[in-house]
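Everything on this sheet refers to the single structure shown next.
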Amino acid sequence: MLHRIKGRIISKGYAEGVAVVTQEPLSFLGGVDPKTGIVIDPKHELKGTSIAQRILVFPTGKGSTVGSYVIYQLKKNRVAPAAIINELSETIVAVGAIIASIPLMDKLEVDPITAIKTGSKVIVDCVQGFVEVDV
Amino acid sequence: MYLTREEERALAGEFGHGKQKAMEILAALGDIYGAEKLIPIESAQISGVSYKTIGDAGLEYLMDQTGSVAVPTLLNPMGMDRFRWSELGIDKHFFEKQMAIVAQYGMLGIDAQCTCTPYYITSPQRGTHVSWSESSAVSYANSVLGAWTNREGGPSALASALIGKTPNYGYHLRENRISDVSVKIDFRLSGADYGALGYVIGKVVKSKVPAFSFTSKPTNDELKALAAGMAATGSVALFCLEGARAHQETIELVPAEVDLYSSGEPDVVVLGCPHCSRLELAEIARLLRGRIVTKPLWICTSRHIASRSVSLITQIEKTGARVICDTCMIVSPAFENRCMMVNSGKAFEYGPSLCKSETIIATTETCIDTACTIH
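In the order they appear, the protein sequences are chains U and F. Numbered per our numbering, the first sequence spans residues 3 to 137. Numbered per our numbering, the second sequence spans residues 3 to 377.
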């Protein structure tokens, strides 16, 4: 059954995919390999996981603002997430998603980290402003 | 956030793809941080210039950009002196990538002067809004020059430069420009002591706005060092000097807490973080008079200041020391995996992490003495 959750659009677009969810903030610079889309931060719970073509769900960004450019590079290398959902977006991920044309939504009506499970199918509609989760 | 008709047109892509993306960024940041509107800025200053820091990711992004900036815009230091790069041991590959980055910023109409002290080139008027991203310059602009800026990232400062505006939130609003913690220093400080103090205070106050009361009156160069240290270990973007306001939280330090100095046997001594002013170059020249350096001594400044300090630089270089422009010890790969001695709280913080170099902090006098010691 599909469950529809409204949210705030930060970067426009539409994507469908399989979720990868983490409760830890993520730094793209040094945290994600721009060539493969695999999380390389040794301390991160997603270490070794590919975020390529996934619906990436994490609380918020952290680290260097160069992370925005890493998100752009992921997209050029075709290993970017299909869409991103944050609890609350900050500058690094917001700018990165916009310049890379990756749909980004935050401030969902319910906490996305608990509402969405890794492996679930998710639709991110950053035109109308909602996500749909297969539950 | 409210957008004017002109801003809506930029967002709709009527002024090209570059301006459209820039407007999308500003609109999103405005929404995230609760700005009601965009406000005009007088200038922009963009970090993320060294190939060492932005790498191929940044270069690829910049190569895809078109359009031109709407306000005077300067750059942060890059990874080398654009003329003396081989003296620094920079290889040709790095040189070519670095020059491609600078050329691409130039294509966007940006003045490719690379310095963390843009205010020596053009100082913003008191009370005007700017979008700067070098953290020490942000704090210096807000606190000493009286200009108003948030602590931007490189990409958001570039977006502001292209549009000539920034979302009106944070330190662009009067209500946020008020100190919330007192720092009482009742012992004398001078020179590098202020950078060390900044290093200590930044760790404690994090993103708060400290109000200082000093026994000795700091010079602008000392305030620059203080700003840089606090912005490196904390994210302090504004501090006050009035000290009179009473705050619930008061920090009092004893001299030993600010004494981070040690002697040691560095491979290299590097001064000029932030970039030296003319007065600082004069002080270094005075300390070096009649001496010969026995250890590499590099002094970082802007090309603007260097071009106005030719005889000072001749005096300094006669001793064997080298004055380099456009770069610094932190963003250049030339100072990696070394043992550095510095006179800067900021370089003391970033040396171990960003250069993987053991870093010793000392007074300017000790730095010069160490560079001139006969073994």
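Note that the Cβ used here is the ideal one computed from N, Cα and C, for glycine as well.
In the DSSP output, what is F/Arg324 paired with across the bridge? Within the second sequence, residue 324 of chain F is the residue found at index 322, counting from 1. The secondary-structure analysis by DSSP pairs F/Arg324 across a beta bridge with F/Trp300.
Alpha carbon of U/Val72 to alpha carbon of F/Val295, nearest angstrom: As a working note, residue 72 of chain U is residue 70 in the first sequence. As a working note, residue 295 of chain F is residue 293 in the second sequence. When rounded, the separation of the alpha-carbon atoms in U/Val72 and F/Val295 is 42 Å.
Cut-off 6 Å between Cβ atoms - residues of its own chain near U/Ser66, not counting five sequence neighbours on either side: For the purposes of this step, residue 66 of chain U is identified with residue 64 of the first sequence, where counting begins at 1. Leu31.
Where does U/Pro44 fall in DSSP's three states? Numbered from its first residue, the first sequence carries residue 44 of chain U at position 42. Note: U/Pro44 maps to coil in three-state DSSP.
Assuming U/Gln75 is part of the alpha helix (DSSP H), what are its boundary residues? Translated into the one-based positions of the first sequence, residue 75 of chain U becomes position 73. Secondary structure note for U/Gln75: its alpha helix (DSSP H) is the uninterrupted segment Gly69 to Lys78.
Helix, strand or coil for F/Ala287? Go by DSSP, reduced to three states. As a position in the second sequence, residue 287 of chain F is number 285, starting the count at 1. F/Ala287: helix per DSSP, three-state reduction.
Please identify the residue among F/Lys358, F/Ala349 and F/Pro268 whose C-alpha is closest to the C-alpha of F/Cys374. On the second sequence, residue 374 of chain F is found 372 positions in, with the first residue counted as 1. When each option's Cα is compared against that of F/Cys374, the closest is F/Pro268.
Determine whether the Cβ of U/Ser91 lies closer than 7 Å to any Cβ atom of chain F. As a first step, residue 91 of chain U is located in the first sequence; it is residue number 89 there, counting from the start. It does: the Cβ of U/Ser91 has a partner Cβ on chain F nearer than 7 Å.
Going along the chain, which unbroken runs of the beta strand (DSSP E) with 3 or more residues stay wholly within the stretch 187-227 of chain F? The qualifying runs are 212-216.
Judging by CA-CA distance, which residue of F/Ala239, F/Leu77, F/Lys208 and F/Tyr121 is the nearest neighbour of F/Ala163? Here the question's residue 163 of chain F lines up with position 161 in the second sequence. Out of F/Ala239, F/Leu77, F/Lys208 and F/Tyr121, F/Leu77 has the C-alpha closest to the C-alpha of F/Ala163.
If we ignore side chains and look at the alpha-carbon of each, how far apart do F/Gln250 and F/Asn178 end up? For this step, residue 250 of chain F is matched to residue 248 along the second sequence. For this step, residue 178 of chain F is matched to residue 176 along the second sequence. Going by the C-alpha atoms only, they are around 17 Å apart.
Three-way DSSP call (helix, strand, coil) for U/Lys14 in this model: As a first step, residue 14 of chain U is located in the first sequence; it is residue number 12 there, counting from the start. Correct three-state label for U/Lys14: coil.
F/Arg153 classed as buried or exposed, judged by whether at least 16 other C-beta atoms fall within 10 angstroms: Your numbering for residue 153 of chain F matches position 151 in the second sequence. Classification for F/Arg153: buried.
Could you name the residues of chain U that F/Ile56 contacts, counting a contact when the two beta carbons are closer than 8 Å? Within the second sequence, the letter at position 54 stands for residue 56 of chain F. Residues of chain U passing the Cβ test: Val68 and Tyr71.
Kindly indicate which three-state DSSP category F/Ser309 falls into: helix, strand or coil? Walking along the second sequence from the start, residue 309 of chain F turns up at place 307. F/Ser309: helix per DSSP, three-state reduction.
Please report the distance separating the alpha-carbon of F/Leu110 from that of F/Trp87. By one-based count along the second sequence, residue 110 of chain F stands at place 108. By one-based count along the second sequence, residue 87 of chain F stands at place 85. F/Leu110 and F/Trp87: Cα-Cα distance of roughly 24 Å.
Distance, U/Lys123 Cα to F/Gly231 Cα: Numbered from its first residue, the second sequence carries residue 231 of chain F at position 229. Numbered from its first residue, the first sequence carries residue 123 of chain U at position 121. F/Gly231 and U/Lys123 have their C-alpha atoms spaced approximately 47 Å apart.
I need the straight-line Cα distance from U/Gly121 to F/Thr55, nearest angstrom please. On the first sequence, residue 121 of chain U is found 119 positions in, with the first residue counted as 1. On the second sequence, residue 55 of chain F is found 53 positions in, with the first residue counted as 1. So the two alpha carbons sit approximately 35 Å from each other.
Which complete beta strand (DSSP E) runs does the stretch 50-129 of chain F hold, if anything under 3 residues is left out? Taken in chain order, the complete beta strand (DSSP E) segments of 3 residues or longer contained in the stretch 50-129 of chain F are 75-77.
Would U/Pro36 count as contacting chain F if we go by Cβ distances under 7 Å? Against the first sequence, residue 36 of chain U aligns to sequence position 34. At least one beta carbon of chain F lies nearer than 7 Å to the beta carbon of U/Pro36.
Give me the Cα-Cα distance between U/Asn88 and F/Ala143, rounded to the nearest whole angstrom. In the first sequence, the residue the question calls residue 88 of chain U occupies position 86. In the second sequence, the residue the question calls residue 143 of chain F occupies position 141. Taking the straight line from one Cα to the other gives about 33 Å.
For F/Gln47, three-class secondary structure by DSSP: Indexing the second sequence from 1 puts residue 47 of chain F at position 45. In the structure shown, F/Gln47 sits in a strand (DSSP, three-state: E or B).
Need the endpoints of the beta strand (DSSP E) that F/Gly155 sits in, please. In the second sequence, counting from the first residue as 1, residue 155 of chain F sits at position 153. Element bounds for F/Gly155: n/a, residue is neither H nor E.
Contact defined as beta carbons within less than 8 Å: I believe U/Val95 pairs with F/Pro157. What is the distance between those atoms, to the nearest angstrom? As a first step, residue 95 of chain U must be located in the first sequence, where it is residue number 93. As a first step, residue 157 of chain F must be located in the second sequence, where it is residue number 155. In this structure U/Val95 is not in contact with F/Pro157, their Cβ atoms being roughly 11 Å apart against a cut-off of 8 Å.
Determine the DSSP secondary structure at F/Phe241, reduced to helix, strand or coil. Within the second sequence, the letter at position 239 stands for residue 241 of chain F. In the structure shown, F/Phe241 adopts coil according to DSSP, grouped into three states.
Strictly under 7 Å for the Cβ-Cβ distance: is U/Gln75 near chain F by that measure? Here residue 75 of chain U refers to the residue found at position 73 of the first sequence. So yes, U/Gln75 belongs to the interface.
By the three-class DSSP mapping on this structure, what secondary structure does U/Ala85 have? Reading the first sequence from its first residue, position 83 is the one you call residue 85 of chain U. Strand at U/Ala85.
List the residues that DSSP assigns as beta-bridge partners of F/Asp1. Outside the shown range of chain F (3 to 377) lies residue 1 of chain F, about which nothing can therefore be said.
Under 6 Å Cβ to Cβ from F/Ser346, same chain only, skipping five residues before and after it: list those, please. Working through the second sequence from its first residue, we reach residue 346 of chain F at position 344. Cβ-Cβ distances below 6 Å link F/Ser346 to Gly197 and Cys275 in the same chain, with the five nearest sequence neighbours on each side left out; the list follows chain order.
With which residues is U/Lys123 paired in a DSSP beta bridge? Taking the first sequence and counting its residues from 1, the one referred to as residue 123 of chain U is at position 121. Answer by DSSP bridge pairing, in chain order: U/Val20.
By alpha-carbon positions, which one of F/Ile286, F/Cys278, F/Val270 and F/Leu283 ends up nearest to F/Pro298? Here residue 298 of chain F refers to the residue found at position 296 when the second sequence is read from its first residue. Considering only alpha carbons, the answer is F/Val270.
Assign F/Tyr378 to one of two classes, buried (16 or more other C-beta atoms within 10 Å of its C-beta) or exposed (fewer than that). The shown model of chain F, from 3 to 377, leaves out residue 378 of chain F, and the question about it has no answer.
As assigned by DSSP and simplified to three states, the class of F/Gly274: Your numbering for residue 274 of chain F matches position 272 in the second sequence. DSSP places F/Gly274 in strand when its eight states are reduced to three.
Ignore the nearest five residues each way along the sequence and tell me which others in F/Arg293's own chain have a CB closer than 6 Å to its CB. Position 291 of the second sequence holds residue 293 of chain F. Excluding residues within five positions, the ones whose Cβ falls inside 6 Å are Thr321 and Cys374.
What is the DSSP secondary structure of U/Val97, reduced to helix, strand or coil? What you label residue 97 of chain U is simply residue 95 of the first sequence in a count that begins at 1. Reduced to three states, the DSSP call for U/Val97 is helix.
If you reduce the DSSP assignment to three classes, tell me which class U/Thr51 lands in. Taking the first residue of the first sequence as position 1, residue 51 of chain U is located at position 49. Of the three classes helix, strand and coil, the one that applies to U/Thr51 here is coil, per DSSP.
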